[in-house]
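Following the UniProt record's numbering, the numbering of the sequence shown begins with 1 at its first residue and continues without gaps.
Note that the Cβ used here is the ideal one computed from N, Cα and C, for glycine as well.
The next block holds one structure in the form of structure tokens; read it before the comments.
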Amino acid sequence: MKNILIIGATGQIGSELTMELRRRYGNDHVVAGYRNSKPSDALADSGPLERVDITNAQRLNEIVKRHGIDTIYNLAALLSAIAEDRPQAAWHIGINGLYNVLETARENGCAVFFPSSIGSFGPSTPRVNTPQETIQRPTTMYGVTKVTGELLSDYYHRRFGLDTRGVRYPGIISSVTLPGGGTTDYAVEIFYAAIKHKKFVCPLPRGAFLDMMYMPDALNCAIDLMEADPSKLIHRNAFNVSAMSFDPEILAAEIKRHMPDFEMTYNIDPKKQAIAASWPNNMDDSAARSEWGWKPEYNFKEMVSDMMEKVSAKLA
Ligand code: AKB
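As structure tokens, this is what we get:
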């Protein structure tokens, strides 16, 4: 039986990943690690909680030992837009924190999941059907931490035999916990604005195509990768995973099909616009499909219908 620690359990992915892992492996086997944000009642009532700051290596080691942890999902990071405002903090959490996680894992024999991102690519990367192995010269601090994290995780696998695995997540769309400080956040915020006000002011321009994924697929891909047969893995850190690609116009048009009086206008955020312009439109995820059977369940239209239903129920 696995004993899992999630670092960043109150974040957008962490809050749902913790509940899904508890459902699959048993509540007592999944420790929710949080730093500042107060855990929801669902998280606090369903299993163990620990305050974890990954920049504190000693405390991290104590928690891993105390709970007999054998698998760590490290989701702590500052997202792309906020990382440009706080680059030093983004490096400290993203890389010094990851180093502490990898060293703790080495000492205690843990497997490690590290989420990389479409942000690990940059303006010189081929933008369409972005290959698994290609140019990675990001121009954001977020991207720099993601490429460094991929390399460091692969190094620990090669040098110390650590079981490190990761995916390059696209923008994640979900209805439970709002993201914060990301470039792709608009694709979540638009649903709340549509349902509350029938209006949305979009910070990215028309034509800003980006890879996106619905949360149930984001959870499955992390768990399926960590469960995959290691003998089949040619790559480790990190796999391209793709599910859908759209720009703000296409998303607004689909929301309008559900809500004919919905209107979107634009007020471009130059920082987010520049970041989005440096990222791929859509990634080639054939390595993930062939090495561990990755296949998304939700397409674009299914995601929009489900979000409209879930966010309406939440705000009712
Ligand atoms: C962000 O926008 O920063 C993230 C990401 C794509 O990694 N959602």
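- If you look at Y142, you'll find it in the alpha helix (DSSP H) that goes 141–160.
- Shown here, M259 sits in coil according to DSSP, grouped into three states, outside any helix or strand.
- Here the stretch 88–103 makes no contact with the stretch 210–217; the two share fewer than three CB pairs at distances below 8 Å.
- According to the DSSP assignment, D306 belongs to the alpha helix (DSSP H) that extends over 300–315.
- Going by DSSP, E50 is part of the beta strand (DSSP E) stretching over 49–51.
- Y266 is bridged by DSSP to C202.
- Assigned with DSSP and collapsed to three states, D85 falls in helix.
- DSSP, read as helix, strand or coil, puts A238 in coil.
- Proximity to G109 across A193, A57, D163, S312 peaks at D163, based on C-alpha coordinates.
- Between the ligand AKB and S80, a heavy atom-to-CB distance of less than 6 Å is present.
- In this structure, P205 lies near I268, with their beta-carbon atoms less than 7 Å apart.
- Around the beta carbon of T265, a 10 Å sphere encloses fewer than 16 other beta carbons of the protein chains shown; the residue is thus reported as exposed.
- Per the Cβ contact rule, the stretch 53–64 is not in contact with the stretch 77–85 (fewer than 3 Cβ pairs under 8 Å).
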